[in-house]
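In what follows, a structure is listed as structure tokens, so that the remarks can point back to it.
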Amino acid sequence: MQYRELGRTGWNVSTVSFGAWAIGGSWGQVEDNQSRAALNRAIDLGVNFIDTADVYGDGRSERLVAELRRSRNEEIHIATKAGRRLNPHTSEGYNRENLVAFVERSLKNLQTETIDLLQLHCPPNQVYYRPEVFEVLEDLVTAGKLRYYGVSVKSPEEGLKAMDFPNLQSVQIIFNMFRHRPSELFFAEAKRRKVGILTRVPLASGLLTGKMKPDTRFEADDHRQFNRQGEAFDVGETFSGVEYATGLRAVEELRAICPAGMSLTQFALRWILMFDAVTCAIPGAKRPEQAEENCSAADLPPLSEETMEAVSTIYDASIRQQVHLRW
Ligand SMILES: NC(=O)c1ccc[n+]([C@@H]2O[C@H](COP(=O)([O-])OP(=O)(O)OC[C@H]3O[C@@H](n4cnc5c(N)ncnc54)[C@H](OP(=O)(O)O)[C@@H]3O)[C@@H](O)[C@H]2O)c1
Numbered sequence: 028m029q030y031r032e033l034g035r036t037g038w039n040v041s042t043v044s045f046g047a048w049a050i051g052g053s054w055g056q057v058e059d060n061q062s063r064a065a066l067n068r069a070i071d072l073g074v075n076f077i078d079t080a081d082v083y084g085d086g087r088s089e090r091l092v093a094e095l096r097r098s099r100n101e102e103i104h105i106a107t108k109a110g111r112r113l114n115p116h117t118s119e120g121y122n123r124e125n126l127v128a129f130v131e132r133s134l135k136n137l138q139t140e141t142i143d144l145l146q147l148h149c150p151p152n153q154v155y156y157r158p159e160v161f162e163v164l165e166d167l168v169t170a171g172k173l174r175y176y177g178v179s180v181k182s183p184e185e186g187l188k189a190m191d192f193p194n195l196q197s198v199q200i201i202f203n204m205f206r207h208r209p210s211e212l213f214f215a216e217a218k219r220r221k222v223g224i225l226t227r228v229p230l231a232s233g234l235l236t237g238k239m240k241p242d243t244r245f246e247a248d249d250h251r252q253f254n255r256q257g258e259a260f261d262v263g264e265t266f267s268g269v270e271y272a273t274g275l276r277a278v279e280e281l282r283a284i285c286p287a288g289m290s291l292t293q294f295a296l297r298w299i300l301m302f303d304a305v306t307c308a309i310p311g312a313k314r315p316e317q318a319e320e321n322c323s324a325a326d327l328p329p330l331s332e333e334t335m336e337a338v339s340t341i342y343d344a345s346i347r348q349q350v351h352l353r354w
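According to the numbering used here, numbering within the sequence shown proceeds without interruption in unit steps and concludes at 354.
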């Protein structure tokens, strides 16, 4: 495993960390014992940072992660999120009363006195123009309920705006072989300001592993089935916003340029880590073998300049038109 410093927290976090959405819900049937095995395997391999949220399986993910931390001796940093319990999900809902209640609930689920890192969970854009929301987070830090806070954003612009709040430690954003725009302006700014970048959906919801086919079926309660057109939440969170057949075609092009001895999954994750502004990728893993393959990407040698260029060429020709101006 390799490690990079997260913002100004002083934490050195694993470059391949663990995304704990799938072990909570919205990804078809998951067995807690499989999830426990995946989490433990990740920790065995040096992962020390886990991203979860209060809404993943309505607390199921937070509780599994809490159980893991209590059962292990290693230091494990846990980032959770707040805001998506709001229904309707409005900017006004991000007020003191609600945020305090969400934090208290997560503290209970995580069985801790202090949340390591709390992220606002893709809030409506107006929230970034309401300093009073960030004052609540400051007060929660002062009260000892939070160690640090950050945001999870939909677009690089939201990330840039959020960094105006001086104590922000991290921005979580979609960045992968099918989503290049964050690397344009946002990465340089985040690096300059020493704000950590957590790259979510690094495998484009599994598409970039190369295992999917035109006739792959997903369960009814898997967002890759029920959110294909953005019916439940932003379509950009499912397959990174790329239309499925287009994505499959582009994956075949990536397969053709994948360096020898590397799996497509490893290629996708190593590509992300080529950007030094990135703190870590947070791939989801449902099974120990997935955690293993994902972690192995951290120790691979750098990709060549030609390979990086070839990925850009595929993105420009096959993907850019569908995503570049949308997020
Ligand atoms: N708004 C937000 O803040 C937000 C939104 C989305 C995600 N996130 C965070 O980002 C994390 C990562 O994103 P994501 O989970 O949506 O997508 P992802 O990491 O791109 O894809 C994860 C899925 O790909 C499959 N997979 C993973 N490793 C694999 C391997 N080695 N071989 C084959 N298949 C593999 C698994 O599903 P199958 O086995 O079922 O194919 C897994 O659940 C989440 O867990 C969550 O913590 C945050």
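We treat Cβ as the ideally placed atom computed from N, Cα and C, and that holds for glycine. Remember, it's a predicted structure, so these values are computed and weren't measured experimentally.
Residue i versus residue j: straight-line alpha-carbon distance, rounded
i, j, result
"L145", "R35", "15 Å"
"E258", "G311", "22 Å"
"E280", "S182", "26 Å"
"T169", "N67", "33 Å"
"T334", "V350", "22 Å"
"S232", "I50", "13 Å"
"G110", "E131", "13 Å"
"Q56", "G84", "11 Å"
"N321", "H250", "21 Å"
"V127", "A189", "20 Å"
"V269", "L164", "34 Å"
"K221", "R31", "12 Å"
"A277", "N122", "43 Å"
"Q61", "F76", "19 Å"
"L187", "F202", "15 Å"
"F260", "S53", "12 Å"
"V160", "D81", "18 Å"
"D343", "D166", "45 Å"
"P315", "E162", "40 Å"
"E319", "F129", "33 Å"
"P209", "I200", "8 Å"
"K218", "E124", "33 Å"
"E211", "V262", "22 Å"
"H96", "N39", "The identity of residue 96 in the sequence shown is Arg, whereas the question assumes His. Spanning the two alpha carbons is a distance of roughly 17 Å."
"D191", "R174", "19 Å"
"S290", "R157", "44 Å"
"N194", "Y176", "8 Å"
"K238", "L275", "10 Å"
"P286", "A295", "11 Å"
Nearest neighbour of residue i, chosen from the options [CA to CA]
i, options, result
"L134", "R353, G171, I346 and L195", "G171"
"S179", "D166, V228 and P193", "V228"
"L225", "G86, T265 and L300", "L300"
"Y155", "K238, L173, F129 and S118", "S118"
"I284", "R220, E270 and I341", "I341"
"K240", "G46, T273 and Q348", "T273"
"Q29", "Q348, D326, E124 and E336", "D326"
"A47", "L234, N125, P115 and R63", "R63"
"Q348", "H207, L147 and R112", "H207"
"W298", "L167, L330, E184 and L212", "L330"
"P150", "E124, D143 and G120", "G120"
"G288", "K313, Q252 and P328", "P328"
"L113", "H148, D71 and S88", "H148"
"Q153", "G177, E185, F45 and Y176", "E185"
"E101", "S88, R255, N254 and G73", "G73"
"A69", "G86, A295 and R99", "R99"
"D71", "I346, F45, H116 and N254", "F45"
Element boundaries [beta strand (DSSP E), containing residue i]
i, result
"Y176", "L173 to S179"
"H148", "I142 to H148"
"V278", "V278 -> not in any beta strand (DSSP E); alpha helix (DSSP H) instead, spanning Y271 to I284."
"I77", "F76 to D78"
"I200", "S197 to I201"
"V40", "N39 to S41"
Nearest-angstrom Cβ-Cβ length linking residue i and residue j, presumed shorter than 8 Å
i, j, result
"M204", "V338", "6 Å"
"A65", "Q317", "7 Å"
"L91", "D59", "6 Å"
"F266", "L230", "Contact doesn't hold; Cβ gap of about 10 Å is too wide."
First and last residue of the uninterrupted alpha helix (DSSP H) at residue i
i, result
"L33", "L33 -> no alpha helix (DSSP H), and no H or E assigned at all."
"A337", "E332 to I341"
"D166", "P158 to T169"
"A106", "From DSSP, A106 is part of no alpha helix (DSSP H) but of the beta strand (DSSP E) over H104 to A109."
"R347", "R347 to V350"
"S323", "P315 to S323"
"I299", "L291 to L300"
"G186", "P183 to A189"
"L225", "Run containing L225: none in the alpha helix (DSSP H); it sits in the beta strand (DSSP E), G223 to R227."
"Q252", "H250 to F253"
"F266", "No alpha helix (DSSP H) holds F266; DSSP gives it neither H nor E."
"N125", "R123 to L137"
"S62", "D59 to D71"
"K218", "F213 to R220"
Test: residue i CB closer than 8 Å to a CB of chain B
i, result
"V178", "In the displayed structure, chain B is absent; only one protein chain is listed."
Practice item. Could you tell me whether the region 302 to 321 touches the region 240 to 252, where touching means 3 or more Cβ pairs closer than 8 Å? Key: no
Exercise for review: Kindly confirm or deny that the region 139 to 154 and the region 85 to 105 touch, where touching means at least three C-beta pairs closer than 8 Å.
Suggested key: yes
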